[in-house]
Each structure stands twice: as structure tokens, then as C-alpha cells.
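Residue numbers 172 to 554, in our numbering, belong to the letters of the sequence shown in order. Backbone N, C-alpha and C fix where the C-beta goes; we use that ideal spot for every residue, glycine too.
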Amino acid sequence: MDKRLNEINYRLSEYSKGHFDGGLEMSEKLDEVDAIMNGINMLGEDLKAITISRDYFNKIFHAVSDMVLIITPSGLIRDLNQAAEQQLDYGKGALSGQPVSVLMKGSIACFRNITRLLKKSDETVSSDSILFTKKGAAIHVRINASNFKDENKKPLILLTASDITFRVKTENLIIRAIIDTQEKERHRLAQDLHDSLSQQLSAIKFYVSSTAEVTKNKTNKDILNQSSKAMGAVIADMRNICFNLMPGTLAEFGLVKAVKEFCHYSLFCKKVNFIIKQNTVLPEMSSELKIDLYRVIQEFITNAIKHGKANRIQIAFAYSRHQLNLQLSDDGCGFDPLNAGKGMGLQNVRSRVKSHDGKLKISSIISKGTRYKIAIPVTNCWL
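Structure representation (C-alpha cells):
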């Protein structure tokens, strides 16, 4: 038997073990066996190059501190690096083959949006989202996703997720400080108006009314009575301003009662049909959350009447699954959210919701009305 065949079997055996350094030495015959040996040598060189590239990729893959996941277009996790396993608190291989929805608590709207954008362009897609650990802890992440193909040219998605939890918390603290400062100034102004200007106007009205009672001249009496009536209207407006700045009902009786009172005393209460629903008992909320939701409702009602020309406004409160839900809707003329997204009103609404780690979804259709859906986790409430 030709010894070269034994050498071929040995070399192929070594290749199967991942040893590609050695080669076959061809004879001077340069026959068909030597041709086979030459082919095997070339195969060994190719396998060695592929192995080096694969090992190099794996080292980078597991060395980066960001979470890296390789996901199929259908949303299955094909592979992930050590950083992802550690930060998400899953054991080695536990997530392989699992749907990406397990990391998003069943909500994969963000991933679907990423896949939709990647189909349109080969450029990297970025988005902020939340991933959940095995124990349910939320991690705010900045996601960068791009199209990727494996060695068999099958399409995959390479997704990197950077932990931005600290940045988000810092931003929320800054937003919270700004909002609290604004509310303190509102409270101070309302207190000053009530304690000083409102009292002075009431005193002036009393003097005018008293003078009208003792005045015998009919013309002067009518003028004084009209003045007293006008002064009463000014005092009523002043009280409405104080109520809008800082409603006492909010602190004393809660959010729903304050909203009902606001709708009742609204200048448009006779022109607009307000529908307020509360299907469940709401948890006891912090003063900051009550004020923020009240301001959001105020802003929505003002916009619905002033810009939307709404005839019907619905406000629905609900509480379920450790989440406070608020839904606002009107039958007004609607607007384009993309064009109106940079307005100060919507900016303030988003900031107030964001400061409580909440979610805001705005939908509006021209001539069909507007809807806000707000969800606030109960971890920001007092239960």
C-alpha cells in the first residue's frame, strides 16, 4: 500500500482536530495521489485562515463591554456575547434560540421598527429602548443595529446595546429639578395673588358696594353697582388663575377630583362635553406625579379647545399590572404629530412623563381628533 495514503489519512485526522499547521510532502512522481495531496494542503491553508478569522471575531465579540446579540430577521436570538449574558443575568447559552421578546417583556415594537428600517437601508439604525434582565430589572439601552450575513450568506441582524441607565436617570433628575422649580414658582405666585391682590380687590369691591348703598343719585348709584359687578368678575377670574396655577383640591382630594373641578369651572364647560372615567381605584400618588399628570391634562384640554375646536373631551384613569394609565382623547380637528412635535406644549408633556420613567404615545388624525396614551410604573407611586 502506498505510504502516501496513510499520510493523507493522518493529515485529514489532524485537520478534524483543528491542527492545520502541518502539510503533506509530495513525491517526485507528481501523479494523481500527489495532486490529491496538493489539494489537501490547500484545504488546510484555507481552513487555517478561516479558523484564524473566526477566532479573531470571537475574541472581539466577547471582549467588548457592550451587549452584542445576533438575531434572525424573525426575532430569534442566534448568539450573544459574554457581556450580554452577564448584564442580563442569563446563564451561558440560556438565550440562544429564544425570541428577543423575552428581553422586552413581550413588547417588540422597537425591534419591529428596527427591522422595518433595515429593510429600507443598509445603514446602521439607532434607537433607545429598554431590556429586562432575568429578574425583571429594567436596563435603559441605546441600540445600534445593522444587517449582517453569516458564513452561509444567510441574513442576520447584528445588534449592540449600550447601557444608558445612568444617563437616563441623570436626565430625569435634571428634568425633575426644572419642573419642581417651575411648580414652586407657580405655587408662590398663586399664594401671593390669593393672599395679597385678591384680598385687596375684595376690599375695594366692598367699599364700592357700600358706597352704592348710601348714594342717592341714581346715575352714580348705577355706575357704582356696575363697578361692583365688574370687580366681582375680576375677583372670579383671579380665583380661576390661582386655581390653574395651583389647585388646592389636588393636594386635599386628589388628582381625579381636581380634574373634575377644573373641567367644571372651565370657561368652556358649557360648550364642551367632558367625560371623565375611572374604572379602578388609583394608588396613592406622590405630589410630583399628581401635579405632572394634572398639568398634562390641562395642556391637552387647552389644546383640544383652542386649536382642535373639540366638542367632546374624554379623560380615562385606570390602574392595572402595577401601572397607572391615563388616556386623553378628543373629537377635534387633529394635527400632524411630526410637524407639531417641537412645540413647547408637547415638549413639556413629554418631559413630565419622562421624569417618572413613563411612556407617552400620541396619535392624531386630521379631522378625526387626537389621543394621548400615558403609562406610569407604580414604582413612582406610594402604594
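- Burial is judged here by how many other beta carbons sit within 10 angstroms of a residue's own beta carbon; G529 has at least 16 and is buried.
- Distances from the CA of I462 to each of A309, L499, G419 were compared; the closest alpha carbon is that of G419.
- Separation of the CB atoms of I328 and L289 is rounded to 7 Å, and the pair is thereby assigned contact status at 8 Å.
- For G419, the enclosing alpha helix (DSSP H) stretches over residues 419-424.
- S500 is positioned such that its CB atom lies no closer than 8 Å to that of T451.
- The DSSP-derived three-state label of T243 is coil.
- In this structure, N318 keeps its C-beta atom at 8 Å or more from the C-beta atom of S297.
- A check of alpha carbon separations from Q469 across K291, E216, N519 identifies N519 as the nearest.
- Counting the other Cβ atoms within 10 Å of the Cβ of E423 gives fewer than 16, which makes it exposed.
- For M213, the closest alpha carbon among the candidates S526, A404, D192 is that of D192.
- F506: not part of any alpha helix (DSSP H); DSSP gives it neither H nor E.
- In terms of CA proximity to M238, D250 leads the group S245, D250, G246, P244.
- For the 8 Å CB-CB criterion, L302 and M275 form a contact.
- Your pair V379 and M402 checks out as a contact, with CB atoms roughly 6 Å apart and the cut at 8 Å.
- Relative to I486, the option among I472, Q494, K477, K441 whose CA is nearest is I472.
- Going by C-alpha positions, K448 is about 17 Å away from V467.
- Going by beta carbons, C413 and L364 fall inside the 8 Å limit.
- For Y261, there is no enclosing alpha helix (DSSP H), as DSSP marks it with neither H nor E.
- Secondary structure note for H311: it is in no alpha helix (DSSP H), and the uninterrupted beta strand (DSSP E) holding it is 309-320.
- Between the C-alpha atoms of R521 and S538 there is a straight-line separation of about 24 Å.
- Pairing G307 with Q371, the inter-Cα distance amounts to about 57 Å.
- Taking E432 as the centre and dropping the five residues before and after it, the same chain places the C-beta of T420 closer than 6 Å to its C-beta, in chain order.
- Selection G194, S236, D202 evaluated against E216 yields G194 as nearest (Cα-Cα).
- Exclusion of the five residues before and after N343 leaves S526 as the residues of its chain whose Cβ lies within less than 6 Å of its Cβ.
- Annotation for V296: the continuous beta strand (DSSP E) segment containing it runs 296-303.
- Of I375, N396, T390, A374, the smallest CA-CA separation from A383 is found for N396.
- Closest option to S398, judged by alpha-carbon separation, among K387, F377, E459, L416: F377.
- Bounds of the beta strand (DSSP E) holding D250 are 248-251.
- Taking a contact as a CB-CB distance under 8 Å, the pair Q258 and D334 counts as one, their CB atoms being some 7 Å apart.
- Annotation for S458: the continuous alpha helix (DSSP H) segment containing it runs 458-477.
- For P244, the closest of K392, L330, A255 by C-alpha to C-alpha distance is L330.
- In summary, V524 is buried, with 16 or more beta-carbon neighbours lying within 10 Å of its beta-carbon over all protein chains present.
- Annotated three-state conformation of S491 is strand, per DSSP.
- Burial check for V385: the Cβ neighbour count within 10 Å stays below 16, so the residue is exposed.
- Taking C-alpha positions only, R313 is separated from E256 by approximately 17 Å.
- In this structure, DSSP gives E199 a state outside helix and strand, which the three-state scheme calls coil.
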